[in-house]
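For reference, the structure discussed in these notes is given below.
Number of protein chains: 2
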Amino acid sequence: MTFPTTPACTPVRTADGGATTLFLGAADLQRLVHRLGLPACIAGVAAQIEADFRRWPDFDKSARVAAHSDVGVIELMPVADAARFAFKYVNGHPKNTAAGLPTVMAFGLLADVATGTPTLLAELTLLTAIRTAAMSALAARHLARPGSGTMALIGNGAQAEFQALAFRDLVGITTLRLFDTDPAATAKLQANLAGQGLTMRVCASAADAAQGADIVTTVTADKTRATIVTPAMLAPGRHFNAVGGDCPGKTELHPDVLRAARVFVEYEPQSRIEGDVQQMPADFPVIEFWRVLSGEAPGRATVDEITVFDSVGFALEDHAALVWLADAAARQGLGRPLDLVAAPADPKNLFGTLAPAGESAARLAATEQATAIAA
Amino acid sequence: MTFPTTPACTPVRTADGGATTLFLGAADLQRLVHRLGLPACIAGVAAQIEADFRRWPDFDKSARVAAHSDVGVIELMPVADAARFAFKYVNGHPKNTAAGLPTVMAFGLLADVATGTPTLLAELTLLTAIRTAAMSALAARHLARPGSGTMALIGNGAQAEFQALAFRDLVGITTLRLFDTDPAATAKLQANLAGQGLTMRVCASAADAAQGADIVTTVTADKTRATIVTPAMLAPGRHFNAVGGDCPGKTELHPDVLRAARVFVEYEPQSRIEGDVQQMPADFPVIEFWRVLSGEAPGRATVDEITVFDSVGFALEDHAALVWLADAAARQGLGRPLDLVAAPADPKNLFGTLAPAGESAARLAATEQATAIAA
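Each protein sequence line maps, in turn, to chains C and V.
The opening position of the first sequence corresponds to residue 0 in numbering that gives the first Met the number 0, with each subsequent residue numbered one higher.
The opening position of the second sequence corresponds to residue 0 in numbering that gives the first Met the number 0, with each subsequent residue numbered one higher.
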């Protein structure tokens, strides 16, 4: 049958009459960060990540599902506890900037495990940058040498400012030693961070940047087996925050750097595939960072030991970001309802939703047939 | 720093100035089906499923990621070819109707593999019902006995009318033999399908419904090891369209029914986990249906053989539904742009998007600090 286009179809409603899903778009996320300030957002997300990591065993975890192509990757990152299901869609396309697009774009969803109802859909590109920096700084707070004040920041692209401010506020970094193969990227970072109370020194190479640094952060983007961190950059007590080596075939650390250090990861099954430890044998020792937070494993043991946080980005960090976001957006009254899924007045009668309110599909069809015959 | 809440943040734009993602909500889907008519939608989706299944090897396939709880399941179903990535979010919560919610809610996404840009976000609850019916009827067209006119429809819930119309239009079914443990469901189906040119007989049991049927379709919802189809319901030349047995612990067919038949599935790795064949040993023979469409395997061989389509619902069917939807919605001018992901004017400067157009974040921060001092 063919339905008339009018009257308008039945409104999409839940049992209580509201649309099911709250939507926060890119503009909402910008507005929220404007209002709260980036430092408050980083601190809030870091606190939620810490809270979620402390109850790590409560979560149903899996390595993300990744669809790789020659030019990039598209990933789905699900995680759930007894109450909430969360997932993030995120891509990684290093060459996108040439086309005027970001290398990383993301959105995420929270759903109610009890009913499967999506409760929040949100843009996550900005929040991914925030949660990645928050995760790095949270790890460094436990793994870097106490009193660390100088950080080498190697790779000055889209994620760099977020790392700088997270380490300033959560770790106490006051001096940045900057290097990027693209001087324009470093200039952009310097302009963006002017007046932020950070001393910035532009360096001639990655090795130069590492000179005297307590922490070496690498956030490079090329999807290649790069060796950004060489054994020559090893120094007693140094902490390496390796952010950029985060998918198969994409690494930043020389294997000898990993061998010289105690290596911490987020979720071992995923890190073995995606992290810098993908270069190492399956039995290479790694420590899941949640064990440090929960007291099951020591963080830094001595001032002289070398530590590595081999970060790849794990779904639980996005769960934490979404949980923080849902609360923060509610306090700010941001977002709007979206009819992302149908919620018919009579859920047993999906077919009936095709009929305007008060009419049965069959009546409509009959009307339509009569009209057709009359025509 | 804290950013002032005004002026408003920079608009979210792609390089060409448009928002990245087209959104089609539940109301848009209802409107589209109203305009085109359900039969045209079923036929269109079936044609796209057939086209996609014929080029099966072109797709990067994986079993869906499922998060199971005591009361239901939430699934992510990704699939990609060289051009497009697609995924669907879908839940299955049999007890939802008691809370006034659908047992199944779904939405889906299409993205550009070359850049990772999400191009279409759409409600898929209604389209899931359409594609499931289209898939069943497409399979029956190749597996059921030629000239099949009578179908037993066991389970008269939300999916039943869609199955009935798909089999009417794509297979030539003229008579339905109806059974549901809930008489109200059967009454709803009869009302919805009145005037649709289908003879409907209400039956006292599943076995009664199967009497004389060329095709037996089961679309029951309980998440249990049910035995809806017993060996007593076997008859020469009969085709069983098993739709309801679609997740671990949820089956409809007695193992002897499977042993007596040639069994066709969508994607073997997923069907072994979720289909009625989950009851059978790992070496129980099954045939992936795409091989029939591509001529690599025969469909029905003799008029007397018993065939089973052990359907669970595969991501490629949702890819097909989304591809059909994108084209149909474009022709109808439906949908609206959504800022689902950020697309900053300068993609290398995500931090810069936090500043209003024309101002650097640092300038803003400085302004804010001055204000703070002045205040």
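Each residue gets a CB set at the ideal place from its N, CA and C atoms; glycine is no exception.
Alpha carbon of residue i to alpha carbon of residue j, nearest angstrom
i	j	result
A354 (chain C)	A203 (chain V)	29 Å
K187 (chain C)	A128 (chain V)	50 Å
D206 (chain C)	M232 (chain C)	Residue identity differs from the one stated: residue 206 (chain C) is Ala in this sequence, not Asp. If you take the alpha carbons of A206 (chain C) and M232 (chain C), they lie about 6 Å apart.
E160 (chain C)	Q269 (chain C)	26 Å
G196 (chain C)	D317 (chain C)	29 Å
L321 (chain C)	T116 (chain C)	15 Å
P247 (chain V)	I214 (chain V)	25 Å
L349 (chain C)	A342 (chain C)	9 Å
D255 (chain C)	G148 (chain C)	25 Å
R140 (chain V)	T174 (chain V)	16 Å
T198 (chain V)	G154 (chain V)	17 Å
Y266 (chain C)	W55 (chain C)	10 Å
H253 (chain V)	P230 (chain V)	7 Å
R34 (chain V)	E304 (chain V)	41 Å
A325 (chain V)	L119 (chain V)	7 Å
A208 (chain V)	G24 (chain V)	37 Å
P346 (chain V)	A65 (chain C)	23 Å
A373 (chain C)	A296 (chain V)	The predicted model places A373 (chain C) with a pLDDT of 33, which falls under 50 and marks its position as unreliable; any figure quoted below should be read in that light. Spanning the two alpha carbons is a distance of roughly 48 Å.
V201 (chain V)	T180 (chain V)	12 Å
G91 (chain C)	L192 (chain C)	25 Å
T102 (chain V)	T96 (chain V)	6 Å
G274 (chain V)	D51 (chain V)	21 Å
F283 (chain V)	L109 (chain V)	35 Å
R330 (chain V)	L28 (chain C)	32 Å
H67 (chain V)	S61 (chain V)	18 Å
V32 (chain C)	I41 (chain C)	10 Å
For residue i, three-class secondary structure by DSSP
i	result
F350 (chain C)	helix
P117 (chain C)	strand
C8 (chain C)	Per-residue confidence for C8 (chain C) stands at a pLDDT of 26, beneath the threshold of 50, marking its modelled position as unreliable; the derived number appears in the next sentence. Here C8 (chain C) sits in coil by DSSP.
H67 (chain C)	strand
N155 (chain V)	coil
I305 (chain V)	coil
T217 (chain V)	strand
P254 (chain C)	helix
I272 (chain V)	helix
E122 (chain C)	strand
L100 (chain V)	coil
T198 (chain C)	strand
A231 (chain C)	helix
T185 (chain C)	helix
R54 (chain V)	coil
P38 (chain V)	helix
D338 (chain C)	coil
L142 (chain V)	helix
P297 (chain C)	coil
I245 (chain C)	Going by the sequence as given, residue 245 (chain C) is Asp instead of Ile. D245 (chain C) falls in the coil class under three-state DSSP.
E160 (chain V)	helix
H238 (chain C)	strand
P280 (chain V)	coil
T377 (chain C)	Lying outside 0 to 374, the shown extent of chain C, residue 377 (chain C) is not represented and no answer is given.
D345 (chain C)	coil
T131 (chain V)	helix
A319 (chain C)	helix
Distance between beta carbons of residue j and residue i, contact taken as under 8 Å
i	j	result
A79 (chain V)	F58 (chain V)	7 Å
L164 (chain C)	P77 (chain V)	That pair is no contact at about 34 Å.
A314 (chain V)	K87 (chain V)	7 Å
G243 (chain C)	V218 (chain C)	5 Å
V89 (chain V)	F106 (chain C)	V89 (chain V) to F106 (chain C), Cβ: 17 Å. No contact.
E251 (chain V)	A260 (chain V)	Actually they are not in contact, since the Cβ atoms of E251 (chain V) and A260 (chain V) sit about 13 Å apart, beyond 8 Å.
F263 (chain V)	V291 (chain V)	7 Å
A142 (chain C)	R176 (chain C)	Ala is not the amino acid found at residue 142 (chain C); the sequence shown has Leu there. Not confirmed; about 19 Å, so no contact.
G312 (chain V)	F22 (chain V)	About 23 Å separates the two Cβ atoms, so there is no contact after all.
Cβ-heavy atom distance, residue i to the ligand SAH, below 6 Å
i	result
D245 (chain C)	By its list of ligands, the structure shown contains no ligand whatsoever, and the ligand SAH lies outside what it can speak to.
Got a sec: which bits of the region 303-335 of chain V sit with their beta carbon under 7 Å from any beta carbon on chain C, in order along the chain?
-> none
What residues in the region 57-73 of chain C bring their beta carbon closer than 7 Å to a beta carbon of chain V?
-> D59, S61, V64, A66, S68, V70, G71, I73
Against chain V: residues of the region 253-286 of chain C by CB proximity under 8 Å = none
What residues from the region 72-87 of chain C come within 7 Å of chain V, judged by C-beta to C-beta, listed N to C?
-> I73, L75, P77, A79, F84, F86
Going along the region 21-51 of chain C in order, which residues come within less than 9 Å of chain V, judged by CB to CB distance?
-> F22, G24, A25, A26, D27, L28, Q29, R30, V32, H33, R34, L35, G36, L37, P38, A39
Would you list, in chain order, the members of the region 173-200 of chain V that have their beta-carbon closer than 7 Å to a beta-carbon of chain C?
-> A184, K187, A190, N191, L192, A193, G194, Q195
Taking Cβ-Cβ distances below 9 Å as the criterion, which residues of the region 133-151 of chain C are in contact with chain V?
-> none
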